[in-house]
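Colleague:
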Amino acid sequence: METAAERARFNMVQQQIRPWDVLDDRVLEAMASVRRESFVPDAYQGLAYADIEIPIDESQSMLPPKVVGRMLQALAVKPGDRVLEIGTGTGYVTACLSQLGKRVISIEYNPGLASEARARLASAGLESVVEVREGDGLAGPVEGGPFDVIAVTGSMPTEAALPMLQGQLAAGGRLFCILGVAPVMEAVLITRVAEGDFRRAGLFETCTPPLANVVEPDGFEF
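My numbering numbers the first residue of the sequence shown as 9 and each following residue consecutively.
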């Protein structure tokens, strides 16, 4: 018998994600298989499948499901891809990435969130394919690269970190990030087409909290 969570997950895929031009079957299947409620803080369990950002600490939040869907579709993660995620949060996007590429290295600045994400991912049976590291994913190259896919799950007010992130892409690698400041930010896909040659495409406008410890533009306050 179908549970309420299973019905809510089905509705999330069909009524939120698919209508937002997410048509990649592998992405839809991945998001239909990951139990989002397992990655939502207890206080927000009733909103696990709502079309909203869900707070996870004083400054960070989970991306809305449809934004996750567009991100995963743009990144075109393939089995065997080396995947890096900057900003683990609760581990939900990490879990979705693992369904598509299997092996994921995820960097989380907040030690408490990193510990909780490890526990949630282990409960989901993903501890063997996901590695959560504590640290600043924008401070420098991450050991384990180059990467076929880099997903940055919080916004970056400036492009200061882009050269470092792009430098970690393998040939043909894809980088997803959200650039700008509120109220208007742009989701961007950057693809390495050759040595020193990158193609950049704007995907959609959005607004999401910045990564922890991100470089702020001069004169800007959060």
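Even glycine gets a Cβ: it sits at the ideal position worked out from N, Cα and C.
Model, not experiment: these values are computed from the prediction.
By the 10 Å Cβ neighbour count, where 16 or more other Cβ atoms means buried, how is I158 classified, buried or exposed?
Modeller: Flag for I158 reads buried.
Colleague: Just to confirm the assignment, what range does the alpha helix (DSSP H) spanning V75 have?
Modeller: Its alpha helix (DSSP H) spans residues 73-83.
Colleague: Is it a yes or a no for the segment 90-101 touching the segment 43-57, going by three-plus beta-carbon pairs under 8 Å?
Modeller: Contact between the segment 90-101 and the segment 43-57 is present, because at least three Cβ pairs lie under 8 Å.
Colleague: Going by the DSSP bridge assignment, what does P218 pair with across the sheet?
Modeller: According to DSSP, P218 bridges with S163.
Colleague: Only counting the same chain, and skipping five residues up and downstream in sequence, which positions put a Cβ closer than 6 Å to that of G188?
Modeller: Excluding positions up to five away in sequence, the list reads E194.
Colleague: So, helix, strand or coil for D65, using DSSP?
Modeller: Three-state DSSP puts D65 in coil, outside helix and strand.
Colleague: Is R15 helix, strand or coil when you go by DSSP?
Modeller: In this structure, R15 counts as helix in the three-state DSSP scheme.
Colleague: What separation, rounded to the nearest whole angstrom, lies between the Cα atoms of S136 and V196?
Modeller: Taking the straight line joining both Cα atoms gives about 30 Å.
Colleague: Assuming M172 is part of the alpha helix (DSSP H), what are its boundary residues?
Modeller: Unbroken alpha helix (DSSP H) run through M172: 170-174.
Colleague: With DSSP as the reference, label S106 as helix, strand or coil.
Modeller: Residue state, collapsed to three classes: helix.
Colleague: In terms of alpha-carbon separation, which member of F155, L173, R208 lies closest to L1?
Modeller: Residue 1 cannot be examined here, being either before or after the span of the chain that is shown, 9 to 230.
Colleague: Can you find the residues in the same chain that come closer than 7 Å, C-beta to C-beta, to R17, ignoring five residues on each side of it along the sequence?
Modeller: Result list for R17: A40, R44, Y57, in chain order.
Colleague: Does the separation of the CB atoms of M9 and P73 fall below 8 Å?
Modeller: No, they are not a contact pair.
Colleague: To the nearest angstrom, report how far apart G175 and P27 are at their CA atoms.
Modeller: Their backbone Cα atoms lie some 34 Å apart in a straight line.
Colleague: Under a three-way DSSP split, which group does G120 fall into?
Modeller: Helix at G120.
Colleague: Taking 7 Å as the limit between beta carbons, can you name the residues of its chain near S106, skipping five residues before and five after?
Modeller: Around S106: V112, L134, V137, V138.
Colleague: Out of curiosity, what's the CA-to-CA distance linking P154 and A13?
Modeller: Distance between the alpha carbons of P154 and A13: 38 Å.
Colleague: Got a sec? Which residues, its chain only, sit under 7 Å from F228 by beta carbon, not counting five neighbours each side?
Modeller: For F228, the pLDDT reaches just 47, beneath the cut-off of 50, and the residue's location in the model is therefore unreliable, although a value from the coordinates is still provided. Correct list, in chain order: P165, V189.
Colleague: Return helix, strand or coil for A56, following the three-state DSSP convention.
Modeller: Coil.
Colleague: From I60 to K110, what distance separates their C-alpha atoms?
Modeller: Approximately 27 Å between the Cα atoms of the pair.
Colleague: Which class does S114 belong to by DSSP, given the choice of helix, strand or coil?
Modeller: It is a strand residue.
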